[in-house]
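Here our numbering is used: the first residue of the sequence shown is 1388, the next is one more, and so on.
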Amino acid sequence: MADSSFTAPSGTHDVLAPESSRWGSLVAHFAGHVGRAGYGLVISPMFEELGVFHRVGEGTDIVTKEMYDFTDKGGRHMALRPEGTASIVRAYVQHRPVGSPWKAWYVGPNFRYERPQAGRYRQHHQLGIEAMGADDPDLDVEVIALQADLYASLGLRQVDLVVNSMGTADDRSSYTETLGAWLGERSDDLDPADRPTVATNPMRVLDSKRAATRAVTDDAPRIDESLTTEARDRFARVLEGLDALGIEHRVEPRLVRGLDYYTHTTFEFQARALEGAQNGIGGGGRYDGLAQALGGPSTPGIGFGTGIERMLLACDAEGVFPAAEAASSIFIVDVVDGTHARDLVADLRRAGLAADRAYGGRSMKSQMKAADRSGAAIALIIGEDEAAADEVTVRDLRHDEPQERIALDTVIDHLRKRL
Ligand code: HAM
């Protein structure tokens, strides 16, 4: 490769056909799935004022280490979005759309300056939903059920759901204080890499995979011990709903998500078919303080995000949700001068048929090879004989059947009957 050639930036990927058609199918499937539950598409900018994302957590890696932030030509400090929720809530606060709850879904790229590895990218893509304006615990059940049913409808079977409750914002901050103090007393026993986190974000220490830290935090105070009765009852109603809907789950008081805005219910879906830290295919939770933090009225909210790349990796690992086969199509092989191919391909497409052709006056053999490679079901062949008679030869590329010659002006009717 020449030195001057470019490749996609580290941690990013080009998605080419046919894999990209699988992405298209997944997005369409998701739109139908959440659309039937009343969620409407929201398209928001890929960048926002930096302050919007500061509200997802000043002590999180996403904000402190991974943000793609920059000063624009007008001197404004902006950032590429690292996740979707903050943008949707910012849009909610700005437009105050009707609906109680207001239900939104979204799809798009997110940017995090992480160390790239299998299943972890600097640009990844999420599908997600957010529901704003209702604190009914049954809405938590709806959101989790939509996510569980999404995976099931793709054919995924090896997915575990882990749930936790962070309680109210007050519960969360008093737990953070208790845990911070407890960890502070044991700082010397923690892995040195985790010590600074005790001061900035003690709950993240629970998420550490380092053995020394793990040994200490096994006995750490648990969040479920700090919840108020109200928060506990609320969580019990969510769990009861999951049971009623037959959604298997495990309560994990150590579940710490990488974002600070969560209150009450948090959850994560893990794919057993994927390895290690990159097995989180989607997660979410309630964020009852976020709208207010972004300058709006106090408004409860809940949602989930699920990574497209990780979902598809999990599908590959389980051998489900394959790419759709190429549309059953027609390939025109014109070995005269390309004029018939030029005109006929446009006529067929205008008639709503999937059609393609070769270019550059290639030989019969080379065009037939292109027809095979395209996955077309039928070849329409035009040689000197056919052109002189205003006819085409129709050859079935998938079945061993005798080919036939038909009049050019009957070709569309003929193909419609056949396909
Ligand atoms: P999150 O857990 O940070 O949550 O990301 C959601 C999903 O995006 C993850 O479960 C994973 O599938 C995928 N993902 C995240 N980072 C990467 C990466 N670097 N490479 C590949 N995939 C990745 C959120 O972003 C929240 N906004 C979810 C939410 C919605 N909470 C409430 N509403």
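Don't be surprised by glycine CBs; every beta carbon is placed ideally from N, CA and C.
Express the C-alpha separation of residue j and residue i in angstroms, rounding to a whole number.
{"i": "Arg1601", "j": "Thr1458", "result": "40 Å"}
{"i": "Ala1532", "j": "Asp1734", "result": "47 Å"}
{"i": "Arg1499", "j": "Tyr1426", "result": "27 Å"}
{"i": "Ala1728", "j": "Ala1521", "result": "59 Å"}
{"i": "Leu1403", "j": "Phe1417", "result": "20 Å"}
{"i": "Thr1652", "j": "Leu1526", "result": "11 Å"}
{"i": "Ala1775", "j": "Leu1802", "result": "21 Å"}
{"i": "Asp1333", "j": "Leu1566", "result": "The displayed coordinates of the chain run from 1388 to 1806. Any statement about residue 1333 would go beyond what the structure contains."}
{"i": "Ala1568", "j": "Ala1395", "result": "45 Å"}
{"i": "Ile1449", "j": "Leu1537", "result": "26 Å"}
{"i": "Thr1451", "j": "Pro1640", "result": "25 Å"}
{"i": "Arg1468", "j": "Ile1430", "result": "13 Å"}
{"i": "Gly1748", "j": "Asp1800", "result": "27 Å"}
{"i": "Lys1490", "j": "Gly1444", "result": "24 Å"}
{"i": "Gly1817", "j": "Pro1405", "result": "This structure does not reach residue 1817, given that the chain is present from 1388 up to 1806, and the question cannot be answered."}
{"i": "Gln1679", "j": "Gly1419", "result": "31 Å"}
{"i": "Arg1736", "j": "Asp1401", "result": "28 Å"}
Checking 7 Å against the spacing of the C-beta atoms, do residue i and residue j come in under that value?
{"i": "Arg1387", "j": "Leu1646", "result": "Given that the chain is displayed from residue 1388 to residue 1806, the structure contains no residue 1387 and the question cannot be resolved."}
{"i": "Met1519", "j": "Tyr1493", "result": "no"}
{"i": "Arg1697", "j": "Ile1668", "result": "yes"}
{"i": "Ala1711", "j": "Ser1407", "result": "no"}
{"i": "Gly1670", "j": "Arg1644", "result": "yes"}
{"i": "Phe1691", "j": "Gly1515", "result": "yes"}
{"i": "Ala1745", "j": "Ala1701", "result": "no"}
{"i": "Thr1856", "j": "Arg1507", "result": "Residue 1856 falls outside the range modelled here, since the chain spans only 1388 to 1806, and no answer is possible."}
{"i": "Tyr1648", "j": "Leu1677", "result": "yes"}
{"i": "Ser1761", "j": "Asp1743", "result": "yes"}
{"i": "Phe1708", "j": "Leu1541", "result": "yes"}
{"i": "Phe1622", "j": "Ser1552", "result": "yes"}
{"i": "Ile1717", "j": "Ile1765", "result": "yes"}
{"i": "Glu1705", "j": "Ala1664", "result": "no"}
{"i": "Ile1634", "j": "Val1530", "result": "no"}
{"i": "Ala1599", "j": "Asp1575", "result": "no"}
{"i": "Val1781", "j": "Glu1788", "result": "no"}
{"i": "Ser1613", "j": "Tyr1562", "result": "yes"}
{"i": "Gly1739", "j": "Gln1513", "result": "no"}
{"i": "Val1421", "j": "Val1528", "result": "no"}
{"i": "Thr1584", "j": "Arg1591", "result": "yes"}
Closer than 6 Å: is that where the CB of residue i sits relative to any heavy atom of the ligand HAM?
{"i": "Gly1515", "result": "yes"}
{"i": "Thr1650", "result": "no"}
{"i": "His1865", "result": "Residue numbering for the chain in the displayed model covers 1388 to 1806; residue 1865 lies beyond these limits and cannot be assessed."}
{"i": "Tyr1746", "result": "no"}
{"i": "Gly1444", "result": "no"}
{"i": "Phe1708", "result": "no"}
{"i": "Phe1691", "result": "yes"}
{"i": "Gly1671", "result": "yes"}
{"i": "Arg1507", "result": "yes"}
{"i": "Arg1499", "result": "yes"}
{"i": "Arg1792", "result": "no"}
{"i": "Thr1472", "result": "yes"}
{"i": "Gly1328", "result": "Limits of the chain in this structure are 1388 at one end and 1806 at the other, which puts residue 1328 out of reach."}
{"i": "Gly1645", "result": "yes"}
{"i": "Ile1668", "result": "yes"}
{"i": "Arg1544", "result": "no"}
{"i": "Arg1559", "result": "no"}
{"i": "Arg1573", "result": "no"}
{"i": "Arg1782", "result": "no"}
{"i": "Arg1591", "result": "no"}
{"i": "Arg1697", "result": "yes"}
Can you tell me whether residue i is helix, strand or coil according to DSSP?
{"i": "Lys1490", "result": "strand"}
{"i": "Phe1814", "result": "This structure cannot settle anything about residue 1814, because the visible part of the chain is limited to 1388 through 1806."}
{"i": "His1651", "result": "strand"}
{"i": "Pro1496", "result": "strand"}
{"i": "Met1519", "result": "strand"}
{"i": "Ala1658", "result": "strand"}
{"i": "Asp1575", "result": "helix"}
{"i": "Gln1545", "result": "coil"}
{"i": "Asn1551", "result": "strand"}
{"i": "Glu1406", "result": "helix"}
{"i": "Glu1639", "result": "coil"}
{"i": "Val1779", "result": "strand"}
{"i": "His1512", "result": "strand"}
{"i": "Gly1770", "result": "coil"}
{"i": "Ala1602", "result": "helix"}
{"i": "Arg1591", "result": "helix"}
{"i": "Gly1628", "result": "helix"}
{"i": "Glu1791", "result": "strand"}
{"i": "Arg1803", "result": "helix"}
{"i": "Arg1507", "result": "strand"}
Practice task
Kindly provide the ranges of any alpha helix (DSSP H) runs that are 4 or more residues long and lie completely inside the segment 1414-1483, ordered along the chain.
Solution key: 1437-1441, 1448-1451 and 1472-1482
Handout entry: Whole runs of the beta strand (DSSP E) within the segment 1701-1749, excluding any shorter than 3 residues
Key = 1717-1721 and 1742-1744
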